[in-house]
Amino acid sequence: MPLVRPRFSTQLSLLRALAAVLCASLVAIVWLMASCTEGQRIASARQRASDACEAIASHYTLSLPHATEPNVQLLHDVLNAALAASAGIEGGFWRADASYSAPPASAPEHAGGFLAYAFPSYPGSGIKRDIPEAETPLILSALSAASTAVRTAAEIVGRRREAVIAIACPVNGHTGLYAWTLVRAQSMLVHQGDTIVATFAVVLAVLFAVSLYLAFALCAWRDKLVRLDTALSNDDADSIGSISCPGEPELDRIAHAFNRWIARTRDAREQASELETRLAHAHRVALLGTLAAEVAHEIRNPAGAMRLKAENALAGDASRQQSALRSILGQIERIEIQVSRLLALTQPVTPRIEPVDPGTWLPESVQTHDELARSKGVALTVACTMPTTSTGETTDRPVFDPAQMRRALDNLIVNSLAHVRPGGTVHIEASRRASPCGMRFVLEVADDGPGVAEAERARIFEPFVSARPGGCGLGLTLVREIAASHGGNAYHAATPTACFVIDIPWRPSC
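Residue numbering for the sequence shown is 384 to 893, as defined by our numbering.
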């Protein structure tokens, strides 16, 4: 089963949703990357602080293997040596037999609590000797945990722009003595935060602007495509004129191609009309020989009959003369009918077209045959199938010559009434039909008589061809001529019973 491509509006909605998802995904990815980077930086800083704390404890154990009263100078020397290569890490010693948070400036060397402090890589000027007051509670928390568990402990406090990590570890061989380190894991936004945020904001803004521009551009393109489709979707191909360019290069090419096609079509129709006129003229000239022979035959037979009647009347009595005169008048009437139909056939049919309401025109045209139909015991039915208003008027009227079309319709109805048996039906219907060449006005006259043999259906529209005894064979020829003068055709439909069709354009070509 072939895949059905979604509508253009659906594709636009999907594009907008995709742009929104991409923007949200970009934000989430950047946030996730930043979070992962921060986690890695904290873990790395914690490991460095832990290694530095272990280095301080091992240095002091190596310098003083046995437990003695702490030597402050030795403590400072160990701190400076152990932390000299650890950039950004500060640390000190702490003894568990005192509970104050910071050593006073005049504290004796054997006092408990904080014993020594050093920050060799301090970026400021001078030597930093004071313990950071803001981080003292964090350091004491780590020392308390380490003294309780007698093993390395860590405390981490995350802040908006940095994480502070405090590590405390026991000094082997010196009960109650602990080393501690402090490090700050700064976010990558601390130094380049403004630049990163600004760059990210610009990227998001550009992506959003491009998505918005693309969405509006596609919406405008869709609107112009709809207008172009509306201009091209006229039901009546004959009334389509040149269309204006929408203003989009791709759609303009379509408009130009369509306008060129319209121009070529108009030229072709003009040439076809001219050729049709020439062909009709040639056809008329070719028929002159046939017409001359047929006319001679049609007139010579009644003339011979009249001569015979006249000769017999001269040799007979008064009653015989009266009968002969009546027969002669009948033959003269026959000749007049033939001559009048011949004149109508040989004279060019020039339609005077105008908009006509079939809902009114058709019943009025059929009504003139009601008396003849009743006399033959035949029912006439009429149908008009086309769009109408609430008052019954046709919304879009066809354009043709009502008088000429009535002549054609009269010939078809008379022809059907001559072939239908009593009790039969003749159905007349007018309809509007779509075709590749545009809308068409179609008249159908169908009856339930014996019909026309399939082999004769193409010949019955030729002059002097008639399937009815006494018929002159000119009625259907006149019907075809009237249909051709309107740019249409007359033919017999492929049905078992008789069904004659007049098919002309809804509006004639310009």
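Heads up, the beta-carbon is just placed ideally off N, CA and C, and yes, glycines get one too.
Inset, instruction - Would you tell me roughly how many angstroms separate the C-alpha atoms of A537 and A432, rounded to the nearest one? - result: Straight-line Cα distance between these residues: approximately 9 Å.
Inset, instruction - Buried or exposed for H639, please, with buried defined as at least 16 other CB atoms from any protein chain shown within 10 angstroms of its CB. - result: Result: exposed.
Inset, instruction - Return helix, strand or coil for T613, following the three-state DSSP convention. - result: Helix at T613.
Inset, instruction - Report yes or no: do the segment 455-468 and the segment 428-447 share at least 3 C-beta pairs separated by less than 8 Å? - result: Output reads yes: the segment 428-447 touches the segment 455-468.
Legend entry - Start and end residues, beta strand (DSSP E) containing G699: No beta strand (DSSP E) holds G699; DSSP gives it neither H nor E.
Inset, instruction - Could you check what DSSP says for E694 in three-state terms: helix, strand or coil? - result: Of the three classes helix, strand and coil, the one that applies to E694 here is helix, per DSSP.
Legend entry - Of the listed residues A551, R815, D740, A698, nearest to D784 (C-alpha basis): Nearest option by C-alpha distance: D740.
Legend entry - Three-state secondary structure (DSSP) of T558: If DSSP states are grouped into helix, strand and coil, T558 belongs with coil.
Inset, instruction - Would you list the one or two residues that DSSP bridges to V566? - result: In the DSSP assignment, V566 is bridged to I472, I548.
Inset, instruction - Tell me whether the beta-carbon of A378 lies closer than 8 Å to the beta-carbon of A562. - result: Residue 378 falls outside the range modelled here, since the chain spans only 384 to 893, and no answer is possible.
Inset, instruction - Would you mind reading off the limits of the beta strand (DSSP E) that contains M894? - result: As displayed, the chain neither begins before 384 nor continues past 893, which places residue 894 out of reach and without an answer.
Legend entry - Reduced DSSP category for F783 - H, G, I as helix; E, B as strand; rest coil: Note: F783 maps to strand in three-state DSSP.
Inset, instruction - Kindly indicate which three-state DSSP category Y443 falls into: helix, strand or coil? - result: Taken through DSSP and simplified to helix, strand or coil, Y443 comes out as helix.
Inset, instruction - Compute the Euclidean distance between the alpha carbons of P515 and A411, then round it to the nearest angstrom. - result: Near 36 Å, if we compare the C-alpha coordinates of A411 and P515.
Legend entry - S469 burial status per 10 Å Cβ neighbour count (16 or more: buried): That one is buried.
Inset, instruction - Identify every residue that forms a DSSP beta bridge with L763. - result: DSSP output for L763 lists V809 as bridge partner(s).
Legend entry - 8 Å Cβ shell around H782 - same chain, five flanking residues per side excluded: A small fix is needed here, since residue 782 is Val in this sequence, not His. In its chain, beyond the 5 residues on either side, I736, E737, P738, V739, W889, R890, P891 have a beta carbon closer than 8 Å to the beta carbon of V782.
Legend entry - Nearest residue (CA-CA) to N798, options P746, D831, G858: Nearest of P746, D831, G858 to N798, Cα basis: G858.
Legend entry - Chain-order list of residues whose beta-carbon lies under 6 Å from that of H869 (same chain, five-residue window excluded): P734, F783, I887, listed in sequence order.
Inset, instruction - Might you give, ordered along the chain, the residues of its own chain that have their beta carbon closer than 6 Å to the beta carbon of D831, omitting 5 neighbours on each side? - result: Residues G807, T808, T880 of the same chain have their beta carbon placed closer than 6 Å to that of D831, with the five preceding and five following residues left out of the count.
Legend entry - Residues that V884 bridges to, as DSSP identifies them: Answer is E827, Y874, bridged to V884.
Inset, instruction - Could you spell out the range, first to last residue, of the beta strand (DSSP E) harbouring V966? - result: Outside the displayed span of the chain (384 to 893) sits residue 966, for which this structure offers no information.
Legend entry - Residue of A866, R709, V765 minimising C-alpha distance to A786: Taking only the C-alpha atoms, the option nearest A786 is A866.
Inset, instruction - Report yes if the CB atom of R567 is closer than 8 Å to the CB atom of E545, and no otherwise. - result: Closer than 8 Å, so yes.
Legend entry - Element boundaries [alpha helix (DSSP H), containing Q528]: According to the sequence displayed, residue 528 carries Ala and not Gln. From DSSP, the alpha helix (DSSP H) with A528 extends over 519-532.
Legend entry - Chain-order list of residues whose beta-carbon lies under 8 Å from that of P805 (same chain, five-residue window excluded): Correct list, in chain order: K759, G760, V761.
Inset, instruction - Using three-state DSSP, classify S814 as helix, strand or coil. - result: Judged by DSSP in its simplified three-state form, S814 adopts strand.
Legend entry - DSSP three-state assignment for A841, whether helix, strand or coil: Looking at A841 - three-state DSSP - the assignment turns out to be coil, as it is neither helix nor strand.
Inset, instruction - Would you mind giving the Cβ-Cβ distance between G474 and A517, rounded to the nearest angstrom? I have them listed as a contact below 8 Å. - result: With 8 Å as the limit, G474 and A517 do not qualify as a contact, their Cβ atoms being about 16 Å apart.
Inset, instruction - Identify which residue in T582, A756, A592, C628 has its Cα closest to the Cα of W604. - result: For the residues T582, A756, A592, C628, the minimum Cα distance to W604 belongs to C628.
Inset, instruction - Assign A801 to one of three DSSP states: helix, strand, or coil. - result: Look at A801 here: in three-state DSSP terms it is helix.
Inset, instruction - Reducing DSSP to helix, strand and coil, say where F497 ends up. - result: Strand, per DSSP.
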